[in-house]
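Peer 1:
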Amino acid sequence: MAGATQLRIASLHDVELCGLAATGERRAFGELVRRHGSSVRALLRRMGAQPSQADDVAQDAFITAFERITDFRGEGTFAGWVKRIAARLYLKRLQRERRLGELAAESAPADEGQVAADAEAAIDLDGALKALAPGERVCVTLCFGTGLSHAEAAEALNLPLGTVKSHVKRGLDKLRARLAPAGGASLEGRRGNG
Amino acid sequence: MAEVDFERRLERLFADAPELPDAAAFAGRVERRLNTGWTARRWLIGAAGVGGGIIGASQIVMSNLVQRVESAGDSAKVLSAGLTQITPRAEWLTSLYSGGAVVWIASALAIVAMGFALSRVIEEL
Chain D
29 MAGATQLRIA
39 SLHDVELCGL
49 AATGERRAFG
59 ELVRRHGSSV
69 RALLRRMGAQ
79 PSQADDVAQD
89 AFITAFERIT
99 DFRGEGTFAG
109 WVKRIAARLY
119 LKRLQRERRL
129 GELAAESAPA
139 DEGQVAADAE
149 AAIDLDGALK
159 ALAPGERVCV
169 TLCFGTGLSH
179 AEAAEALNLP
189 LGTVKSHVKR
199 GLDKLRARLA
209 PAGGASLEGR
219 RGNG
Chain A
99 MAEVDFERRL
109 ERLFADAPEL
119 PDAAAFAGRV
129 ERRLNTGWTA
139 RRWLIGAAGV
149 GGGIIGASQI
159 VMSNLVQRVE
169 SAGDSAKVLS
179 AGLTQITPRA
189 EWLTSLYSGG
199 AVVWIASALA
209 IVAMGFALSR
219 VIEEL
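Order-wise, the sequence lines are chains D and A. Just remember that our numbering sits 28 ahead of the position in the first sequence, which is counted from 1. Just remember that our numbering sits 98 ahead of the position in the second sequence, which is counted from 1.
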């Protein structure tokens, strides 16, 4: 009986699962966590969180999402919604640790030597992100990983809009150089592993 | 154009995060937290209900309700005596109001009702 219910739940669309979760059905929400947990954790790691920290924040994000599930109206994807919650929670944590200010730095040093030494890292997204300064990395991830606009990212980061724009531009330039050095033919098949 | 293509490609790369090897374990941890929170919430609701019920019962007992109901019972007896003269079937009224048992039944019902109402309110919050 429980197995049949689980199978039925697994066959439902995200929006249907959200509807069930809104009625307090925790198994439906568990299925959403199974589907999107990895992408949320990967996003946080790409923002610069350590794996254990990313897992903690991702857990908090899913719990918050469950508590606010009635706020999700199906505009956009569930994954995108949770990612935005997770990103904001991570930024709050940085703020608590007084590390948010570091993101405003125009060109904080990235560990170029380590990245360059790793041939694999040079062609996958996660490796390429490591070459970015922390501020560039967070801004690019917020804008391209969670779908926030520059203005929304600026608000979330408590940074001037111009700073966010310049972080994104510099970050994109660096990523372009790393991800598509020779036409980018191998890009699609060689993604990072989180 | 190349700029836009690259940005779209980047969005796809961000969206297509690979499944992490401990994805199931992570989902299990989140579900455990949800269940723990739910259990704690149920205990809290139950405790609040009992607390509310006790407060309600003590208010009822402290408000001299017994005496009031007994005097009401006396009035009812007078009334029922009058009614008996009209119709003998009205005797049930006197039996209903005799003694303080009805007060305790009412108190118990009040406790249950208040506890239930409080639980529902907290659950809705």
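Note that the Cβ used here is the ideal one computed from N, Cα and C, for glycine as well. These figures come from a predicted structure and were not determined experimentally.
Quick one: is A/L108 near chain D, going by C-beta distance under 8 Å?
Peer 2: Yes, its Cβ sits closer than 8 Å to a Cβ of chain D.
Peer 1: Which residues of the region 63-89 of chain D have a Cβ closer than 8 Å to any Cβ of chain A? Give them in chain order.
Peer 2: Correct list: G65, S66, S67, R69, A70, L71, R74, D83, A86, Q87.
Peer 1: With a threshold of 8 Å between beta carbons, is D/F57 in contact with chain A?
Peer 2: Output row for D/F57: interface = yes.
Peer 1: Quick one: what's got a C-beta closer than 6 Å to D/Q87's C-beta in the same chain, skipping five residues either side?
Peer 2: Within the same chain, D/Q87 has no close Cβ partners at all.
Peer 1: If you draw a straight line from the alpha carbon of A/I146 to that of A/G213, how long is it in whole angstroms?
Peer 2: Ile is not the amino acid found at residue 146 of chain A; the sequence shown has Ala there. Taking the straight line from one Cα to the other gives about 8 Å.
Peer 1: On the three-state DSSP scale, how would you describe D/Q123?
Peer 2: Here D/Q123 sits in helix by DSSP.
Peer 1: List the residues of chain D whose Cβ lies closer than 7 Å to the Cβ of A/R127, in chain order.
Peer 2: Neighbours of A/R127 on chain D, chain order: Q87.
Peer 1: Residues of chain A with CB closer than 8 Å to the CB of D/F94, please, in chain order.
Peer 2: What D/F94 touches in chain A: L132.
Peer 1: Starting from D/Q195 and walking both ways along the alpha helix (DSSP H), at which residues does that stretch end?
Peer 2: It is worth fixing the name first, because residue 195 of chain D is His in this sequence and not Gln. Looking at the DSSP string, the run of the alpha helix (DSSP H) that includes D/H195 is 189-207.
Peer 1: What does the Cβ neighbour count give for D/D83, buried or exposed, with the cut at 16 atoms within 10 Å?
Peer 2: Under this definition D/D83 is a buried residue.
Peer 1: Taking only the alpha-carbon atoms, compute the straight-line gap between D/R126 and D/K120 and give it to the nearest angstrom.
Peer 2: Rounded to whole angstroms, D/R126 to D/K120 spans 9 Å at the Cα level.
Peer 1: Just the C-alpha distance for A/S156 and A/R166, rounded to the nearest angstrom, thanks.
Peer 2: Going from the Cα of A/S156 to the Cα of A/R166 covers about 16 Å.
Peer 1: What are the boundary residues of the alpha helix (DSSP H) that includes D/Q78?
Peer 2: Per DSSP, D/Q78 belongs to no alpha helix (DSSP H) and is neither H nor E.
Peer 1: Does the CB of D/V166 have a neighbour CB from chain A at under 8 Å?
Peer 2: Not one chain A Cβ lies under 8 Å of D/V166.
Peer 1: Which value, in whole angstroms, describes the spacing of the CA atoms of A/D103 and A/R139?
Peer 2: Using only the alpha carbons, I get a separation of about 49 Å.
Peer 1: For D/D152, which option in A/I143, A/L177, A/A115 has the closest C-alpha, if you only look at C-alpha atoms?
Peer 2: The shortest Cα separation from D/D152 among A/I143, A/L177, A/A115 belongs to A/A115.
Peer 1: The alpha helix (DSSP H) with D/P162 in it runs from where to where?
Peer 2: Start and end: 162-173.
Peer 1: Closer than 6 Å by C-beta to A/I220: which residues in its own chain qualify, once you throw out the five before and the five after it? Chain order, please.
Peer 2: Answer for A/I220: I143, A146, listed in chain order.
Peer 1: Quick one: which chain D residues come within Cβ less than 8 Å of A/W141?
Peer 2: Going along chain D, no residue has its Cβ under 8 Å from A/W141, so there is no contact; the nearest lies around 16 Å.
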